[in-house]
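Colleague: So the sequence shown is residues 5 to 408, counted in the working numbering. Ideal Cβ positions, reconstructed from N, Cα and C, are used throughout, including at glycine.
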Amino acid sequence: MKKKEMKLLNTEIKNNVLKSMMQILDKRRQEIIEANKKDLEAFNKDDQAMYDRLIVDDKKVNGMIQSVKEVMEQDDPVGQVIEHRQLDTGLDITNKTAPFGNIMIIYESRPDVTIEASVLAFKANNKIYLKGGKEAIHSNKILEECWHEALEENGLGKEWIKLLHLSRTETQEFLKNPPEQLDLIVPRGGERLIAFVKEHATGAVLVSGRGNNFLYISENADFETAKKVILNAKTDKISGCNALDKVLVDKNLPQYEERIKELIQFMEDHKVEVLVDEEVSKIATSQSKVPSEDTWYEEFLAMKMVIGSIDGLDAAIEKINKYSGGHSASIITTDKEEAVKFMEQVDSAAVYHNASTRFTDGGQMGVGAELAISTDKLHHRGPLGLKQLVTNKYYVLGEGHIRA
5 MKKKEMKLLN
15 TEIKNNVLKS
25 MMQILDKRRQ
35 EIIEANKKDL
45 EAFNKDDQAM
55 YDRLIVDDKK
65 VNGMIQSVKE
75 VMEQDDPVGQ
85 VIEHRQLDTG
95 LDITNKTAPF
105 GNIMIIYESR
115 PDVTIEASVL
125 AFKANNKIYL
135 KGGKEAIHSN
145 KILEECWHEA
155 LEENGLGKEW
165 IKLLHLSRTE
175 TQEFLKNPPE
185 QLDLIVPRGG
195 ERLIAFVKEH
205 ATGAVLVSGR
215 GNNFLYISEN
225 ADFETAKKVI
235 LNAKTDKISG
245 CNALDKVLVD
255 KNLPQYEERI
265 KELIQFMEDH
275 KVEVLVDEEV
285 SKIATSQSKV
295 PSEDTWYEEF
305 LAMKMVIGSI
315 DGLDAAIEKI
325 NKYSGGHSAS
335 IITTDKEEAV
345 KFMEQVDSAA
355 VYHNASTRFT
365 DGGQMGVGAE
375 LAISTDKLHH
385 RGPLGLKQLV
395 TNKYYVLGEG
405 HIRA
């Protein structure tokens with residue numbers, strides 16, 4: 005394994021690359037869309053969620069340009085002082101932010117990740133290896149060309165941003181024996197991808213992308229608010245890792261049985277397939293039951309959800325912590341104290357009160373472009389934006405100090 009070379013770029017050079025990139029994306033817009041059409045034509049549309057993520061149109065290119073612009077306008081995250089202190093010994097110690105070095109991201113389907121991941125890594129002074137899915141190969145190739153054009157226009161080498169063209173076996177070997185040290189590896193996808201990367205990687209792995217999000221309708225809920233939030237969380241974008249999968253209805257909710265029937269009908273009117281647990285099936289006798297406990301762990305990425313019954317806040321918290329992916333969870337209630345308890349005790353990256361889980365997103369949370377949504381606790385949970393793509397380094401100044 006080759007030792008990594010850390011070359012710090014000044015902010016002006018980095019921003020000039022990003023200015024060039026914005027112009028190149030606009031100039032080559034039609035080429036990008038045409039390349040994407042090749043991927044779409046070769047794709048099996050049976051997987052609607054993945055097909056939706058694959059599409060690049062004018063609006064998507066505009067989004068790519070906007071992502072680059074937003075990152076360019078953010079402060080440089082490198083070299084920021086976290087803490088400074090002078091000790092009684094005379095040592096002067098400053099803790100500053102520093103680049104990770106080399107980042108690798110493995111992702112499926114979404115060509116816009118090729119832009120967002122790269123712009124964040126580069127502005128934070130990291131090199132990045134991109135391992136996109138074969139279903140997006142034509143789209144990713146032209147986007148890599150755009151990056152290389154922007155880098156070379158500003159006197160930098162192509163090695164800052166590199167798209168990997170590897171089979172599964174080759175990817176396995178790359179993870180085990182990378183050409184240079186990988187400081188952070190981000191698998192952005194389903195359980196199988198995450199397990200594959202964890203099994204073979206030699207560097208630090210940060211898990212991202214798995215949802216299976218829950219919403220709890222408290223006995224103190226405003227039911228119209230619940231319906232509005234659930235509809236948005238479930239149907240706004242079924243391919244999003246922040247989409248809703250499970251709804252727990254408190255059996256102490258006023259007009260409980262009528263509300264259960266109303267909610268099922270409401271979701272089915274919006275083309276959502278509804279599965280129910282044993283308790284709810286006693287009320288909604290014609291509904292399909294949850295086939296096995298495994299379903300409670302499942303992220304659907306489809307117009308499908310589970311409605312279950314629960315007895316009280318504590319039981320809801322316990323069930324969510326057992327089965328959810330640790331991504332996002334929401335409570336619908338008019339009781340603020342109850343909401344606080346839920347938000348403090350549910351172990352998820354983002355917790356909501358009377359709001360849709362669809363807001364767990366870098367742009368929606370004011371972070372800007374994101375590398376991923378982390379469900380790990382080290383080193384960061386939630387959207388990984390520009391400020392999260394750095395580590396730290398201690399600068400210790402002495403005058404011939406030795407430790408006694």
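Which runs of the alpha helix (DSSP H) at least 4 residues long sit entirely within the segment 232–291? Give them in chain order.
Modeller: If we require 4 residues or more, the alpha helix (DSSP H) runs fully inside the segment 232–291 come out as 260–273 and 282–285.
Colleague: What are the uninterrupted segments assigned as alpha helix (DSSP H) that are 4 or more residues long and contained completely in the segment 115–170, given in chain order?
Modeller: If we require 4 residues or more, the alpha helix (DSSP H) runs fully inside the segment 115–170 come out as 116–127 and 141–157.
Colleague: Tell me which residues share the same chain as D240 and place their Cβ nearer than 8 Å to its Cβ, disregarding the 5 neighbours each side in the sequence.
Modeller: Only A247, S360 and R362 meet the Cβ criterion.
Colleague: Short of 7 Å in beta carbon distance, which residues of its chain neighbour W164, apart from the five on each side in sequence? Order them along the chain.
Modeller: Here the set comprises F126, K131 and L155.
Colleague: On the DSSP bridge assignment, give the partners of V190 in chain order.
Modeller: Looking at the DSSP assignment, V190 forms a beta bridge with I109.
Colleague: How about V233: is its Cβ closer than 7 Å to a heavy atom in the ligand HEM?
Modeller: The ligand HEM is not among the ligands present in this structure, which contains no ligands whatsoever.
Colleague: From I59, V350, L317 and R57, pick the residue whose C-alpha is nearest to that of S222; which is it?
Modeller: When each option's Cα is compared against that of S222, the closest is L317.
Colleague: Quick one: which unbroken alpha helix (DSSP H) runs of 4-plus residues sit fully inside the segment 323–394? Chain order, please.
Modeller: 340–349, all fully within the segment 323–394.
Colleague: Which residues in the same chain have their Cβ closer than 6 Å to the Cβ of Q392, if we skip the five residues on either side of it in sequence?
Modeller: Only H384 meet the Cβ criterion.
Colleague: Would you list the residues sitting across from H88 in a DSSP beta bridge?
Modeller: Bridge partners of H88: T98.
Colleague: Nearest by alpha-carbon distance to T15: which of F47, A128 and A354 is it?
Modeller: Checking every option, the nearest Cα to that of T15 belongs to A128.
Colleague: With a cut-off of 8 Å on the beta carbons, I'd call A353 and T395 a contact; round off their distance for me.
Modeller: Not quite, the Cβ-Cβ distance comes to about 20 Å (not below 8 Å), so this is no contact.
Colleague: Looking only at its own chain, which residues have a Cβ that is under 8 Å from the Cβ of H142, when we skip the five neighbours before and after it?
Modeller: Around H142: A39, N40, K42 and D43.
Colleague: For V117, tell me which candidate among F346, K73, L170 and M68 has the shortest Cα-Cα distance.
Modeller: Minimum Cα distance to V117 is reached at M68.
Colleague: Identify which residue in I110, Q90, M309 and I264 has its Cα closest to the Cα of F178.
Modeller: Of the listed residues, the one whose Cα sits closest to F178 is I110.
Colleague: Tell me, which residues are paired with L219 by DSSP?
Modeller: Looking at the DSSP assignment, L219 forms a beta bridge with V251 and S334.
Colleague: What are the residues that DSSP puts in a beta bridge with Y399?
Modeller: T98.
Colleague: Between S332 and T299, how many whole angstroms is the CB-CB distance? I'm expecting something under 8 Å.
Modeller: Contact flag wrong, Cβ pair sits at about 19 Å.
Colleague: Cβ atoms of H405 and G94: under 8 Å apart, would you say?
Modeller: Cβ distance < 8 Å, so G94 and H405 count as in contact.
Colleague: For N48 and T98, I'd like the C-alpha separation in whole angstroms.
Modeller: Between N48 and T98, the C-alpha separation is close to 54 Å.
Colleague: Distance check for E261 and V190, CA to CA, integer angstroms please.
Modeller: Using only the alpha carbons, I get a separation of about 44 Å.
Colleague: I'd like to check one pair, M10 with P103: are the Cβ atoms closer than 8 Å?
Modeller: Result yes, Cβ atoms of P103 and M10 sit closer than 8 Å.
Colleague: Taking Cβ positions, are K255 and S296 nearer each other than 8 Å?
Modeller: Result no, Cβ atoms of K255 and S296 do not sit closer than 8 Å.
Colleague: Does the pairing of the segment 16–35 with the segment 59–78 give three or more beta-carbon distances under 8 Å?
Modeller: The segment 16–35 is in contact with the segment 59–78.
Colleague: Measure the alpha-carbon distance for L170 versus Q176 and round it to whole angstroms.
Modeller: Roughly 9 Å separates the two Cα atoms.
Colleague: Are there three or more Cβ pairs, one per stretch, closer than 8 Å when the segment 342–350 is compared with the segment 70–82?
Modeller: Result no; under three Cβ-Cβ pairs closer than 8 Å.
Colleague: Could you give the C-beta distance for L188 and L210, rounded to a whole number, given that I count them as a contact under 8 Å?
Modeller: Yes, they are in contact, since the Cβ atoms of L188 and L210 sit about 6 Å apart, within 8 Å.
Colleague: DSSP puts I314 in a beta bridge; with which residues?
Modeller: In the DSSP output, where bridge partners are listed per residue, I314 has D254.
Colleague: Nearest-angstrom Cα distance between K275 and K135?
Modeller: When rounded, the distance between both Cα atoms is 35 Å.
Colleague: With K180 as the anchor, note down where its alpha helix (DSSP H) starts and where it stops.
Modeller: Note, K180: alpha helix (DSSP H), R172 to K180.
Colleague: Please report the residue range of the alpha helix (DSSP H) in which L29 lies.
Modeller: Element bounds for L29: T15 to K31.
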